[in-house]
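Trainee: Chain order of the listed sequences is A and B.
Position 396 (the first sequence) corresponds to 418 in my numbering; numbering is contiguous.
Position 66 (the second sequence) corresponds to 88 in my numbering; numbering is contiguous.
Backbone N, C-alpha and C fix where the C-beta goes; we use that ideal spot for every residue, glycine too.
Below you'll find the structure I mean.
There are 2 protein chains.
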Amino acid sequence: MKFSKRIENMIASPIRKLVPVADRVRAQGIEVIPLNIGQPDIPTPPDFLSAVRSYDVNVLEYANSRGITRTLETTQLYLHNYGLDFTLDELLITNGASEGLSFSLACTCDPGDAILVIEPFYTNYRSIAESQGVRLIPITTSVEDHFRIPGIEAFDAVYEPSMRAVLLSSPSNPTGRVYTREEMQVIVEFVKKHDLFLLADEVYREFNYTDRPFYSFMQFDEIRDQVVLLDSISKKYSACGARIGSIATKNADFMAHALKLAQSRLSVSTLDQIGAGAMDIVDDQYVEDNRITYKKRRNVLQRRLERLSGVVAPTPEGAFYNILRLPVEDAEDFILWTLHNIRIDNTTILLTPAESFYSTPGMGRNEVRISYCIDETKIERAMDILEKALREYPGTTAQKPADLHVENPPV
Amino acid sequence: MKFSKRIENMIASPIRKLVPVADRVRAQGIEVIPLNIGQPDIPTPPDFLSAVRSYDVNVLEYANSRGITRTLETTQLYLHNYGLDFTLDELLITNGASEGLSFSLACTCDPGDAILVIEPFYTNYRSIAESQGVRLIPITTSVEDHFRIPGIEAFDAVYEPSMRAVLLSSPSNPTGRVYTREEMQVIVEFVKKHDLFLLADEVYREFNYTDRPFYSFMQFDEIRDQVVLLDSISKKYSACGARIGSIATKNADFMAHALKLAQSRLSVSTLDQIGAGAMDIVDDQYVEDNRITYKKRRNVLQRRLERLSGVVAPTPEGAFYNILRLPVEDAEDFILWTLHNIRIDNTTILLTPAESFYSTPGMGRNEVRISYCIDETKIERAMDILEKALREYPGTTAQKPADLHVENPPV
């Protein structure tokens with residue numbers, strides 16, 4: 023039997039592939055602080071499970087392929103509160119934002135076609151594209167430059183006719199950037215100039231720690247029919263286990279095509295939709311409290327990271343991730359070494375290697391992604407462990423005091 | 023902007039595309055008996071919702087990409103009771119059998135590669151294949167021949183090197199065939215001879231009205247590493263709204279590839295998995311009672327169909343579908359005409375046109391699929407309506423008494 027080339031080319035999730043190793047360490051009685059995964063520790067609004075518990079039916083039936091009306095209406099109201107107005111026909115409930123992305127690539131790209139991405143990007147962009155034989159064309163942003171989006175020349179330089187869309191997240195997973203209107207304008211100009219779709223992953227919309235209000239790509243009227251908004255309740259309502267996302271677009275043809283894909287998978291979980299439909303009764307304060315909580319965590323993390331010599335870590339402005347450059351050659355080796363060798367109070371940490379958040383070969387090898395979905399005390403403990411690991415790791419490239427060539431040693 | 027060729031080629035679900043029309047008829051206060059969709063009316067085991075209701079957590083977290091251990095173990099036990107033994111590593115929980123199929127095509131086929139199918143086939147085989155640019159090569163079976171699988175010569179005649187797998191369901195949706203060991207042996211010999219994967223959709227395993235015990239493709243030892251079993255709890259536990267299916271395979275490489283796809287969509291609904299995990303406490307009698315219920319329905323339906331002149335309808339042996347040939351040229355036109363024109367006691371029916379259950383152009387145009395997930399009284403009422411519709415439809419091709427050339431008219 024033969025496997026497909028696309029599946030053989032597909033990478034395993036770097037976020038999830040080290041999990042079995044961490045599980046083996048946990049099995050030895052060691053606590054492993056999870057800095058690897060975007061699984062919030064904030065309680066899900068109790069209204070979610072309440073709605074599910076009071077859903078009393080004899081038969082758990084298929085939902086409509088587009089989504090349950092109540093769930094669509096809740097999504098509509100949620101977007102309306104951000105000044106984004108859609109009819110129910112312009113919305114589609116998906117199995118998380120992942121399915122929304124998967125549908126979007128299927129609607130826009132044949133195998134061999136390309137998508138422009140801003141690297142480092144959410145690593146599943148790459149795996150979903152690879153699973154469909156879609157190429158990624160990266161615009162590289164860097165730690166040193168705080169992951170700023172470059173001018174349109176950089177985009178025009180990589181444009182090719184087989185490019186079908188631009189895909190990016192803002193606030194960004196994994197960099198934590200919240201793009202400015204000026205940076206967004208570059209993207210808008212580019213997609214308008216080349217008549218591309220813009221797949222805007224805005225699942226971290228609520229997690230904005232800047233003084234600038236959140237601005238959506240949907241608010242640029244000049245590309246109104248080109249934007250496809252991808253969303254999910256996972257992060258904003260701390261409900262990752264409910265696989266509920268959405269596609270919102272003013273492009274009726276796109277929606278008609280996406281609906282065919284939705285019909286081919288029949289429906290999204292009825293119970294998850296019942297819970298998600300009730301999210302319109304969640305107090306705005308819930309979201310604001312979370313934002314404040316994460317901003318504090320961000321501050322604690324950043325204060326600690328700035329003390330680490332040889333570490334380059336721009337301050338994240340949103341989401342709950344950070345990309346750091348470490349004084350090591352191979353971040354994955356460092357992560358595994360730490361997991362096996364570094365303990366403080368019987369505790370260690372798990373980080374995510376950042377290499378596969380880039381598609382340019384070799385980029386990001388000395389970088390890691392940190393997810394700070396844990397409380398401040400745990401962040402402090404995790405940073406103690408990271409500090410110790412960086413001090414003791416044999417493969418460090420940082421100059422240690424003993425290595426320094428000192429002209430006039432003190433006597 | 024451009025859409026992909028694969029999405030433009032993709033058909034809309036024939037099962038779901040007439041639903042909005044039926045909804046408009048319902049909005050006029052007309053009852054529409056749904057003979058179109060495989061949505062069982064049997065109550066879901068109460069243990070499903072009980073397990074979900076007593077799942078008490080603060081945070082609704084991501085599940086493991088492979089599945090929750092309890093859910094995997096329940097799947098393992100279920101298969102064991104059919105004499106099919108798998109380790110947990112040989113199992114993967116999917117978003118319904120649809121996702122299992124979607125993963126299987128991604129693992130085995132690049133765009134342009136082909137899958138052999140037995141037509142008429144479950145129409146979503148076609149839509150999922152089209153969405154991935156995978157070609158279907160059909161072996162045609164026919165109403166007249168009771169949808170029997172032909173000898174291996176017919177298979178060898180269509181074999182080509184880009185063929186990667188055989189995909190079929192048994193008991194079959196939409197024909198209701200439960201294949202004999204001899205028919206299965208043809209498939210087994212073919213996949214062995216050409217070193218193909220065999221994607222065996224056995225979601226209707228419980229719905230077998232023959233005296234032959236259910237036999238799984240997994241029981242043919244000679245192709246043990248080539249079989250990928252696709253399953254779902256939707257039908258057996260009347261839980262279509264829970265999107266829970268599974269892949270079971272002895273092929274470790276296949277599973278490793280499928281797991282990459284599972285990681286790229288993160289996880290399957292946690293709540294649905296909690297419910298599905300509790301299905302090990304469902305009494306065997308539940309399944310047996312359902313089987314008896316459906317067998318009675320099948321008998322009622324068949325007795326009525328046999329009375330309809332011009333209708334060819336082989337007796338289904340399993341699942342809860344039937345393909346009938348009608349005395350019309352265009353079944354879709356007949357279905358729409360009936361929906362708009364035929365009423366008995368303010369009630370009408372919705373059928374599914376069978377044309378897109380075939381990939382050979384023109385096949386099945388005068389056929390419909392009936393799903394008999396409704397009680398016997400409703401089946402009788404639905405058949406009254408179908409009888410009236412066939413009598414009054416202006417496009418009938420059946421010879422009416424007045425048209426018959428009678429040599430010696432009675433005097």
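Since M277 of chain B is in the beta strand (DSSP E), which residue starts that stretch and which ends it?
Mentor: No beta strand (DSSP E) contains M277 of chain B, which is instead part of the alpha helix (DSSP H) from 274–286.
Trainee: Between which two residues does the alpha helix (DSSP H) holding T271 of chain B run?
Mentor: Counting along the chain, T271 of chain B falls outside any alpha helix (DSSP H), though it belongs to the beta strand (DSSP E) covering 267–271.
Trainee: Straight-line CA distance for R148 of chain A to P65 of chain A?
Mentor: 30 Å
Trainee: Taking Cβ to Cβ, would you say P160 of chain B is nearer than 8 Å to Y380 of chain B?
Mentor: yes
Trainee: Counting C-beta neighbours from all protein chains within 10 Å, is the total for S76 of chain B 16 or more, i.e. buried, or is it exposed?
Mentor: exposed
Trainee: Please decide whether H362 of chain B counts as near chain D, where near means a Cβ-Cβ distance under 8 Å.
Mentor: Of the protein chains in the structure, A and B, none is chain D.
Trainee: Would you tell me roughly how many angstroms separate the C-alpha atoms of Q61 of chain A and S72 of chain B, rounded to the nearest one?
Mentor: Taking the straight line from one Cα to the other gives about 26 Å.
Trainee: Could you name each continuous alpha helix (DSSP H) segment of 4 residues or more that falls completely within the segment 117–197 of chain B, going from the start of the chain to the end?
Mentor: 118–130, 145–153, 174–180
Trainee: Look at the alpha carbon of R157 of chain A and the alpha carbon of Q241 of chain A, and state the distance between them as a whole number of angstroms.
Mentor: 28 Å
Trainee: Just how far apart, CA to CA, sit V428 of chain B and L330 of chain B?
Mentor: Legend: pLDDT at V428 of chain B = 43, less than 50; position of this residue unreliable, value from coordinates given subsequently. So the alpha carbons of these two residues sit roughly 21 Å apart.
Trainee: Reducing DSSP to helix, strand and coil, say where P338 of chain A ends up.
Mentor: coil
Trainee: The alpha helix (DSSP H) that contains E402 of chain A, what's its start and end?
Mentor: 398–414
Trainee: Need the endpoints of the beta strand (DSSP E) that R391 of chain B sits in, please.
Mentor: For R391 of chain B, the enclosing beta strand (DSSP E) stretches over residues 389–393.
Trainee: Taking DSSP as the reference, what is the three-state secondary structure of A261 of chain A?
Mentor: coil
Trainee: Any Cβ of chain B within less than 8 Å of the Cβ of H168 of chain A?
Mentor: no
Trainee: Which same chain residues, not among the five before or five after E95 of chain A, have their C-beta less than 8 Å away from its C-beta?
Mentor: Result list for E95 of chain A: L110, G299, D302, in chain order.
Trainee: Could you tell me which whole beta strand (DSSP E) segments of length 3 or greater appear in the segment 305–373 of chain A?
Mentor: 343–347, 369–372
Trainee: Can you find at least 3 beta carbon pairs, one from the segment 78–86 of chain A and one from the segment 224–231 of chain A, that sit closer than 8 Å?
Mentor: no
Trainee: Sorted by chain position, which residues of the same chain lie with C-beta nearer than 7 Å to S260 of chain B's C-beta, five sequence neighbours on each side aside?
Mentor: P62, I64, P65, T66
Trainee: Given that a residue counts as buried once 16 or more other Cβ atoms are within 10 Å of its Cβ, and exposed if not, what is L112 of chain A?
Mentor: The question names Leu, yet the displayed sequence has Glu at residue 112 of chain A. Label assigned to E112 of chain A: buried.
Trainee: How would you call R186 of chain B, buried or exposed, if buried means at least 16 neighbouring beta carbons within 10 angstroms?
Mentor: buried
Trainee: Using 8 Å as the threshold, is the segment 247–255 of chain A in touch with the segment 118–127 of chain A, meaning 3 or more CB pairs across them?
Mentor: yes
Trainee: So E121 of chain B contacts chain A; which residues on that side make the cut at Cβ distance below 9 Å?
Mentor: N117, R287
Trainee: At a Cβ threshold of 8 Å, is S26 of chain B touching chain A?
Mentor: yes
Trainee: Where does the unbroken beta strand (DSSP E) through D223 of chain A begin, and where does it stop?
Mentor: 219–223
Trainee: Step through the CB atoms of chain A and report whether any lies within less than 8 Å of the CB of C129 of chain B.
Mentor: By this cut-off, C129 of chain B is an interface position.
Trainee: State the beta-bridge partners of T418 of chain A as determined by DSSP.
Mentor: A:V350
Trainee: Does the segment 130–144 of chain A come into contact with the segment 309–320 of chain A, if we say contact requires no fewer than three beta-carbon pairs (one atom in each stretch) closer than 8 Å?
Mentor: no
Trainee: Hey, could you find the ends of the beta strand (DSSP E) E53 of chain A is sitting in?
Mentor: 53–56
Trainee: Taking all protein chains shown into account, do 16 or more other C-beta atoms lie within 10 angstroms of the C-beta of P56 of chain A, making it buried, or fewer, making it exposed?
Mentor: buried
Trainee: Are the beta-carbon atoms belonging to V200 of chain B and E339 of chain B less than 8 Å from one another?
Mentor: yes
Trainee: Name the two residues that bound the continuous alpha helix (DSSP H) containing D294 of chain B.
Mentor: 292–299
Trainee: Could you work out which residues of chain A lie near P65 of chain B, taking near to mean beta carbons separated by less than 8 Å?
Mentor: N80, V81
Trainee: Is E367 of chain B buried or exposed, if buried means 16 or more other CB atoms sit within 10 Å of its CB?
Mentor: Rather than Glu, the amino acid found at residue 367 of chain B in this sequence is Asp. D367 of chain B is exposed by the Cβ-count criterion.
Trainee: Just to confirm, is the Cβ distance from T360 of chain A to V47 of chain A under 8 Å?
Mentor: Result no, Cβ atoms of T360 of chain A and V47 of chain A do not sit closer than 8 Å.
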